[in-house]
Amino acid sequence: MQPISTPPEVSIVVPIYNEVDNLPDLVTRIEAAMRSQPLSFELIAVDDGSRDGSGKLLLELARTRPWLRPVLLARNYGQSSGLQAGFDRVRGRYVVTLDADLQNEPDDIPLLLNRLETDPDVDMVSGWRKDRQDAALSRKLPSKIANRLISQATGVQLHDYGCALKAYRRHIIDRIHLYGELHRFIPSLARDAGARITEVPVRHHARTRGVSKYGIDRTFRVILDLILMVFLMRYRQRPLHAFGGVGLWLATPGFLILAWLFLLKLFGHDIGGRPLLIVGVMLVLMGITFVAAGLIGELLTRIYYESGGGQQYYVNEPETSSETGANSPADAQHIPPTQAAHGQGERPPGTPV
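With the UniProt record's numbering, letter number 257 in the sequence shown gets 257, and the count goes up by one each step, no holes.
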């Protein structure tokens, strides 16, 4: 099977983990949905180390479908890594994501794409499962709490952060990088990269095959990841303001306490056995430690940006040929930096990675 010479207009990325029962129906329904609209497409199906034969089935399905591109990861890395593996290989000017469990409705993909096509002021369309079909309260209630908490903390107001069905302009995907479990915060990362975001209601179905990969313990991980996201969005380029601010709040009362005890000592009072002395010393030491951590963070930030390790800002350029599908050869291949360094290009569809 030969590589597709003309880059598709839409790249659909689906991370997969132990969904062998859903794959045939998923591929068929995505094809039917995309054939109903004029844009060409590819489906990048990323098997995240499944143990139920999902990867083998993907290769079989790809033999007769040149638009299906399986990516087989060496082991289970998690949903964020699965999505990033797909993002590294997209070639379309639009990128769509959805889950493989068929709770998302593939027929809603043209709805999201149409919004991007007709509204130049929108860079990302996020699905909103307005009528969720999850029966378990243990999924609905934590999800509502998490959505409100994330919206308030990040400033990106969405009803449904957890909906996997989303559509993006390609340049937004090129600007964000996922690791850990940051897939839950893609809208926040996209906004940080300059995306203009809107939300549209989409359909949602109850799971009929396979087993859910989510549990109540996810709530605690979301809180920890949210702390990371708030820090990255507000203090990534100025860590001294974060650590130094905490340090000053700690050190200031510590210095005042020590100054008060010093005055008492001058007037002949014994301060050696006072617990307040220990409190003052500890506050000052903790404050100095936080300020020092902030200074080290500033040095690391300067090294990171001055060595070309990251972008300090993004510029909204007028749409060029790469945005309209007439990509240059380098853009068409969209070789990830790690592959480019080793001379690796795109693999033919149906070839495991």
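We put the beta carbon where it would ideally sit given N, CA and C, even for glycine. On a predicted model such as this, the values are computed, not experimentally measured, just so you know.
DSSP beta-bridge partners of residue i
i      : result
Met124 : Tyr168, Ile197
Val13  : Ile44, Thr97
Asn147 : Its beta-bridge partners do not exist; DSSP assigns none.
Asn104 : His204
Presumed contact (8 Å Cβ cut-off) between residue i and residue j, rounded CB distance
i      : j      : result
Glu199 : Leu158 : 6 Å
Ala195 : Met124 : 5 Å
Glu19  : Ala100 : 4 Å
Leu83  : Leu178 : 6 Å
Asp160 : Trp128 : 5 Å
Leu98  : Val46  : Between Val46 and Leu98 the Cβ distance is about 12 Å, and since that is not below 8 Å, they are no contact.
Leu250 : Met286 : 5 Å
Phe41  : Pro8   : 5 Å
Own chain, CB closer than 6 Å to residue i, minus 5 neighbours either side, in chain order
i      : result
Tyr17  : Asp48, Ser50
Lys265 : Ile271
Leu258 : Gly280
Gly53  : Val20
Asp174 : none
Arg89  : Ile44
Gly55  : Asp47, Leu72
Gly294 : Pro239, Leu240, Phe243, Gly244
Gln37  : Pro110
Arg65  : none
Leu39  : Glu9, Val10
Ile145 : none
Nearest to residue i (by Cα), restricted to the options the options
i      : options                        : result
Pro187 : Ala164, His204, His205, Val202 : Ala164
Asp25  : Leu178, Ser80, Pro106, Gly294  : Pro106
Arg184 : His205, Leu149, Glu298         : Leu149
Ala62  : His205, His269, Val27          : Val27
Val10  : Leu102, Arg169, Trp128, Asp119 : Arg169
Arg91  : Leu113, Asp225, Leu43          : Leu43
Ala239 : Val315, Val291, Asp88, Ala259  : A quick correction: the sequence has Pro, not Ala, at residue 239. Looking at the Cα atoms, Val291 is the closest of the given residues.
Ile223 : Pro275, Gln152, Leu276         : Gln152
Thr252 : Val281, Ser81, Leu58, Val202   : Val281
His269 : Pro110, Pro275, Leu261         : Leu261
Ile288 : Asp52, Phe243, Val95           : Phe243
Ile172 : Phe87, Leu276, Ser80           : Phe87
Ala32  : Pro110, Asn76, Lys56           : Pro110
Leu256 : Tyr304, Asn76, Val284          : Val284
Lys130 : Leu39, Val202, Pro275, Ser40   : Val202
Met34  : Thr6, Pro120, Glu60, Trp67     : Trp67
Pro70  : Ile12, Tyr314, Gly78, Val315   : Ile12
Ile176 : Arg132, Asp119, Phe267, Ser80  : Ser80
Same chain, Cβ closer than 7 Å to residue i, five either side skipped, listed in chain order
i      : result
Met229 : Thr154, Phe185, Ser188
Arg191 : Val156, Ile197
Thr324 : Residue placement at Thr324 cannot be trusted, given a pLDDT of 43 that sits under 50; what the coordinates show is reported in the next sentence. Taken in chain order, the residues that qualify are Arg93.
Pro226 : In the sequence as presented, Pro is not what sits at residue 226; that position holds Leu. Once the five neighbours on either side are set aside, the close Cβ partners of Leu226 are Leu149, Ile150, Ala153.
Phe231 : Ala242
Asn316 : Gly194
Val246 : Phe290
Leu277 : Leu261, Ile271
Tyr235 : His241, Ala242
Neighbourhood of residue i by C-beta, 8 Å cutoff - its chain only, sequence neighbours within 5 removed
i      : result
Ala326 : Caution applies to Ala326, whose pLDDT of 40 falls short of 50 and renders its modelled position unreliable; the value that the coordinates give is listed next. Within the same chain, Ala326 has no close Cβ partners at all.
Arg115 : Val122, Val125, Ala167, Thr198, Val200
Thr298 : A small fix is needed here, since residue 298 is Glu in this sequence, not Thr. Around Glu298: Arg238, Pro239, Leu240.
Tyr314 : Arg175, Ala193, Gly194
Asn147 : Leu158, His159, Asp160, Tyr161, Gly162
Leu274 : For the record, residue 274 in the displayed sequence is Arg; it is not Leu. So the qualifying residues of the chain are Leu261.
Arg221 : Glu181
Beta carbon proximity, residue i to chain C, threshold 8 Å
i      : result
Asp131 : You won't find chain C in this structure, because it holds only one protein chain.
Considering only residues of the region 22-101, which uninterrupted beta strand (DSSP E) runs meet the minimum length of 3 residues and lie entirely inside it, listed in chain order?
Assignment of beta strand (DSSP E) within the region 22-101, counting only whole runs of 3 or more residues, yields 41-47, 68-72, 94-97 in chain order.
Note down, one range per segment and in chain order, each beta strand (DSSP E) of at least 3 residues found wholly within the region 261-295.
The DSSP assignment places no complete run of the beta strand (DSSP E) inside the region 261-295 (cut-off: 3 residues).
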